[in-house]
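**Q** For the sequence shown, counting from 1, position 58 maps to 58 in UniProt numbering; every step adds exactly one.
In this text, a Cβ means the ideal position worked out from N, Cα and C, and glycines have one as well.
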Amino acid sequence: MKKLFAVIGDPIAHSISPAMHNNLFQTYEIDAHYQPLQVKRESLKEAVIGLKAIGIAGFNITVPHKETIIPLLDKLDPLAEAIGAVNTVVNVNGELVGYNTDGSGYLQGLLTELPKLKEKNILIIGAGGAARAIYFTLAESGVQRLDICNRTTQKAEALIYDCPFSVHSDAIGIEEAEKNLADYQLLIQTTPIGMNPNIERIPLSLHNLNTDAFVSDIIYNPLETKILREAKNKGAKIQNGLDMFVNQGALAFEKWTGIFPNTENMKNLVHTQLG
Ligand code: ATR
1 MKKLFAVIGD PIAHSISPAM HNNLFQTYEI DAHYQPLQVK RESLKEAVIG
51 LKAIGIAGFN ITVPHKETII PLLDKLDPLA EAIGAVNTVV NVNGELVGYN
101 TDGSGYLQGL LTELPKLKEK NILIIGAGGA ARAIYFTLAE SGVQRLDICN
151 RTTQKAEALI YDCPFSVHSD AIGIEEAEKN LADYQLLIQT TPIGMNPNIE
201 RIPLSLHNLN TDAFVSDIIY NPLETKILRE AKNKGAKIQN GLDMFVNQGA
251 LAFEKWTGIF PNTENMKNLV HTQLG
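1. Between the alpha carbons of residue 212 and residue 43, how many angstroms are there, rounded?
2. Please report how far the alpha carbon of residue 2 lies from the alpha carbon of residue 91, in whole angstroms.
3. Specify the secondary structure class of residue 25 as computed by DSSP and reduced to three states.
4. Mark residue 169 as exposed unless 16 or more other C-beta atoms lie within 10 angstroms of its C-beta, in which case mark it buried.
5. Hey, would you say residue 51 sits closer than 8 Å to residue 12, going by beta carbons?
6. Rounded to whole angstroms, what's the CA-CA distance from residue 93 to residue 58? Just pull it up for me.
7. Do residue 98 and residue 73 have their CB atoms nearer than 8 Å?
8. According to DSSP, is residue 147 helix, strand or coil?
9. Since residue 206 and residue 174 should fall inside the 8 Å C-beta cutoff, what is the C-beta to C-beta distance between them, to a whole number of angstroms?
10. Within 10 angstroms of the Cβ of residue 245, are there 16 or more other Cβ atoms? Answer buried if so, exposed if not.
11. Shorter than 7 Å, the distance from the beta carbon of residue 152 to the closest heavy atom of ligand 1, or not?
12. Select from 118, 151 and 18 the residue whose C-alpha is nearest the C-alpha of residue 189.
13. Consult DSSP for residue 95 and reduce its assignment to one of helix, strand or coil.
14. Does the region 232-252 come close enough to the region 138-151 that 3 or more CB-CB pairs lie under 8 Å?
15. List in chain order: all unbroken alpha helix (DSSP H) runs of 4+ residues lying wholly within the region 62-140.
16. Going along the chain, which residues of its own chain have a beta-carbon closer than 6 Å to the beta-carbon of residue 187, five neighbours each way excluded?
17. Along the chain, where does the beta strand (DSSP E) that runs through residue 217 open and close?
18. DSSP on residue 160, reduced to helix/strand/coil?
19. To the nearest whole angstrom, what separates the beta carbons of residue 79 and residue 70, a pair I think is in contact under 8 Å?
20. Under DSSP, the beta strand (DSSP E) around residue 7 begins and ends at which residues?
21. For residue 50, which three-state DSSP category applies?
22. What residue from 21, 131, 32 and 17 has the CA that sits closest to residue 84's CA?
23. Considering only residues of the same chain and omitting the five flanking positions on each side of residue 102, which have a CB-CB separation below 7 Å?
24. Closest to residue 217 by CA distance: which of 34, 191 and 199 is it?
25. Restricting to runs no shorter than 4 residues, where is the alpha helix (DSSP H) found entirely within the UniProt domain "SDH C-terminal" (241-270)?
26. May I ask you to check if the CB of residue 129 is nearer than 7 Å to at least one heavy atom of ligand 1?
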């Protein structure tokens with residue numbers, strides 16, 4: 001029988017995950033279908049009970065359910081538990097097991113462009129859910145310095161405090177980050193600033209950026225945010241959010257099927273979808 005997979009969120013209409021996973025099922029000749037499902041905040045519990053009842057093989061979770069789904073699952077991967085958010089669920093013999101492939105997908109995509117990650121001083125911009133997944137994953141991977149700058153410094157402090165993996169870290173404000181930008185070889189932009197429709201905004205001034213720095217933005221729509229454009233103009237290397245998006249999907253696909261798919265083909269497909 002055809003296996004059913006899904007992504008649940010609200011809104012969900014513009015998700016590219018269904019096109020990406022259905023294409024992978026076709027490519028690897030797996031008899032399965034991946035369906036976008038709009039689930040409102042207040043209906044999450046009923047939706048999860050329903051998905052389990054129909055024997056869903058696995059699903060992704062997106063905004064606004066990544067945190068609130070946790071108590072509704074049967075088991076939780078330790079990294080997802082530490083992060084406090086789940087984006088991928090696998091049905092293992094009737095038990096729903098939650099994982100977080102956002103941070104590991106980000107790290108995997110980053111390593112393809114920047115293999116010597118451990119030697120870098122890293123600055124994460126933003127302290128929301130995405131920053132949390134990335135911070136915890138990088139901290140676990142053993143980087144030498146991992147600072148966070150955020151409009152609300154207390155939120156960055158709380159994020160560092162919550163992390164179970166020890167790493168040299170400071171929480172700083174935007175002005176301090178701008179002043180000390182030359183100390184960092186890698187900047188990771190995780191806020192919605194620069195995303196459609198606010199494309200002409202930048203989260204901090206790049207005046208003091210090293211010309212040999214690497215600037216990575218997790219946004220993929222648009223593919224080149226203002227911060228990436230300015231970084232490129234300064235001579236820095238840049239990476240957009242496509243690698244993270246594709247790799248989090250590839251890791252979810254691997255958990256569901258045992259196959260780690262070709263991420264270059266996935267990137268090309270997402271490119272076409274974005275138009
Ligand atoms: P996500 O879970 O998708 O990462 P989020 O939890 O809404 O998103 O977090 C968004 C991050 O972007 C936060 O760090 C937020 O800063 P605050 O903690 O100060 O709210 C940051 N952010 C969002 N809009 C911003 C804005 N207009 N200016 C500066 N920072 C902003």
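**A** Well, looking at it:
1. Spanning the alpha carbons of residue 212 and residue 43 requires a straight line of approximately 48 Å.
2. 15 Å
3. helix
4. buried
5. no
6. 11 Å
7. It is a contact, given that the beta carbons lie within the stated cut-off.
8. strand
9. The C-beta distance from residue 206 to residue 174 rounds to 12 Å, too long to fall under 8 Å, and the pair is not in contact.
10. That one is buried.
11. yes
12. The candidate whose alpha carbon is nearest that of residue 189 is 151.
13. strand
14. A contact between stretches requires three or more CB pairs, one per stretch, nearer than 8 Å, and the region 138-151 fails this requirement with the region 232-252.
15. 78-83 and 102-113
16. 123 and 215
17. 214-217
18. DSSP places residue 160 in helix when its eight states are reduced to three.
19. Rounded, the Cβ-Cβ distance is 13 Å, inconsistent with contact.
20. 3-9
21. helix
22. 131
23. 87, 130, 133 and 248
24. 191
25. 242-257
26. yes
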